[in-house]
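For what it's worth, the numbering used here labels the leading residue of the sequence shown as 874, then goes sequentially.
The structure under discussion appears below in the form of structure tokens.
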Amino acid sequence: MTDSTPRRARVRAPELIGKGGWLNTGGTQYTLADLRGRIVVLDFWTFCCVNCLHVLDELRELEERHRDTVVVIGVHSPKFVHEAEHQAVVDAVERYGVGHPVLDDPELATWKQYAVRAWPTLVVIDPEGYVVAQHAGEGHVHAIERLVAELEAEHGAKGTLRRGDGPYVPPEPEPTTLRFPGKALLLPSGNFLVSDTTRHQLVELEGDGETVVRRIGRGGRGLTDGPADRARFQEPQGLALLPDGTVVVADTVNHALRRFDPETGRTTTLAGTGHQWMQGEATSGPGREVRLSSPWDVAWWDGKVWVAMAGVHQLWAYDPADGSVRVAAGTTNEGLVDGPCAQAWFAQPSGLAATADRLWLADSETSALRWVGLDGQVHTAVGTGLFDFGHRDGAAEQALLQHPLGVTALPDGSVAVADTYNHALRRYDPATGEVTTLATDLREPSDAVLAGGDIVVVESARHRLTRLRLPEEAVRVESVVHRTRRAATEVAPGRLRLDVVFQAPAGQKLDTRYGPSTRLLVSSTPPELLLEGEGADTDLTRELALNPAVTEGVLHVSAMAASCDDDPANEYPACHVHQQDWGVPVRLAEGAADRLPLVLAGMDEQ
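Here it is as structure tokens:
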């Protein structure tokens, strides 16, 4: 008799440790022993990361279908300083409708124990407490669901599977008028239109910014067109007024652009299918036929609706004349690279503001203020890259922001920046090249809109609009400089072997029907760090040569692999793209490791 039990690498799962404690458990603190008998999926995430938000949405169906066997645990592992604040994590868990327990790990203790290197990363632990799979990036839930089914069968037969209710306890709802509002717009009537993001609605407020005129949308997640009492949205964000008086809505989690008509109260869909765009899919065409990816803001500029497509680090454009969409700028690589639109790199663009000759954008993950000119060139006004941030005024080349989400054009040609994680409103003046602070003590400001001589700020984490006078002189604040909380990885100078680990999920194989099914792109900051190994190729293993004269830097690694169902009888197998970008801070040290493994999917067994 043969043993048909699947053979897997089994590593004992480290304990779950987090100084911030547990959320969504009704106050109960859990250990792995408490979860024995259940299939545990650890989701290492941080709330600034749009790819992490994608995974939260991917996990919803898995949690629902396997609610009596699977326990998902979010392990919140901060990138930015603000994300290490416990109340900020509490807010984020509610803001994004996280429906499972979350461990707040501000010191990255559990992250380090599991040797995680990327946001997001999913780790599967079997009912006996062993790690059986690890996946970096998004798009892996189909593989995890297959593994869950195998584990259910295997441990059900062994008697080691324990079914029943999970540890999730939902928080009590709060009775505020707005709940984590995202963006705002001044309507021609003088009223404000606000995206009430967590309640999946739009809200029209009177000019006082407080009195509700009407709500648009039934509330609850969905993608439904129709009148105000029937339409449905899913975490809407950006709003832009079109020349015809209608409003374009960035319906973020529906991956769609919607049109709201203030006159009739009706909502229709302009672009998007309701499904997330993935690598290899169409990047232009009729709006209703092309998939989008987490549109976060919209602006009317140069005769089109420009879209901050946060989910793929690009700008797209929608043309209302023919109903088409297309990529307008960006390569989908995450980073800060200026130049022609087609070659520029962005990092989660989340706020847009148009002037006659510039489209300003808040590039949140690089903590940068950038702009696009009518000549098709991308420029950076403030910001240096993915890992430097803080609160520092002065000359733009040394000024610092922290994960800004909004930008507003001011009457004098300067711009206000909703400097979200600094809880501040900042100002950049192109005439002087100076950055100043307009206001502080704003709780996660995500947008601002001009109203007469005032500026009205969306204070997202205070659930309100806050009216400020535009001061003639900016407030000075003490400079604070930060780097990403993640510790640098020590590697040996000279030759370094980079291994991206990818094992096709059970029942699948690499898709080689049309050529190589893998791609690896490597670069560095500063560029002098890499003597050899930069650029793109199809092999997931690469020999790098590191410059011993550059003692610290960041390796930027982007990997993609395509796998398809391995069934010769199926002429059209289902295929899946696995993709992840890593920014790995490294420090060169004699005697350190000469191999850098990054797990895309599977287990690193070397």
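Don't be surprised by glycine CBs; every beta carbon is placed ideally from N, CA and C.
The three-state secondary structure of Y1301, taken from DSSP, is strand.
Around the C-beta of A1422, fewer than 16 other C-beta atoms lie within 10 Å, and the residue is accordingly described as exposed.
The C-beta separation of T1033 from F1053 comes to about 41 Å, leaving the pair out of contact by the 8 Å criterion. Pairing K952 with L1259, the inter-Cα distance amounts to about 10 Å.
Q1187 is positioned such that its CB atom lies no closer than 8 Å to that of V1198.
Counting the other Cβ atoms within 10 Å of the Cβ of G1029 gives fewer than 16, which makes it exposed.
The beta-carbon separation of Y1294 and A1254, rounded to 18 Å, does not stay under the 8 Å limit for a contact.
In the three-state reduction of the DSSP assignment, V1210 falls in the strand class. Beta-bridge annotation (DSSP): Q1452 is paired with E1011, M1433. Ranking G1039, V928, A1006 by CA distance to the CA of L1024 puts A1006 first.
Every candidate alpha helix (DSSP H) stretch fails here, since none sits fully inside the stretch 1164 to 1227 while reaching 4 residues. Per the coordinates, the alpha-carbon of V944 lies some 35 Å from the alpha-carbon of F1219. Straight-line measurement puts the Cα of R909 at about 43 Å from the Cα of R1337.
Looking only at D1081, R968, H1008, G1325, the smallest Cα-Cα distance to P1046 is reached by R968.
Taking 3 residues as the minimum length, the beta strand (DSSP E) runs contained wholly in the stretch 1056 to 1107 are 1057 to 1059, 1065 to 1069, 1074 to 1078, 1085 to 1089, in order along the chain.
For D1314, the three-state secondary structure derived from DSSP is coil. Spanning the alpha carbons of E1077 and L1058 requires a straight line of approximately 10 Å. G1306 places its beta carbon less than 8 Å from that of A1269. Counted as a single uninterrupted DSSP element, the stretch harbouring E1351 is not any alpha helix (DSSP H), since DSSP gives it neither H nor E. K1056 is classed as buried because its beta carbon has at least 16 other beta carbons within 10 Å across all chains shown.
R1460 and H1015 have their C-alpha atoms roughly 36 Å apart.
Rounded to the nearest angstrom, the gap between the Cα atoms of Q1381 and T919 is 30 Å. Taking the C-beta atoms as reference points, N897 is found no nearer than 8 Å to V954. An exposed status is given to E1425, since fewer than 16 other beta-carbon atoms sit within 10 Å of its beta-carbon. A1194 sits away from W1179, with the two beta carbons spaced by 8 Å or more.
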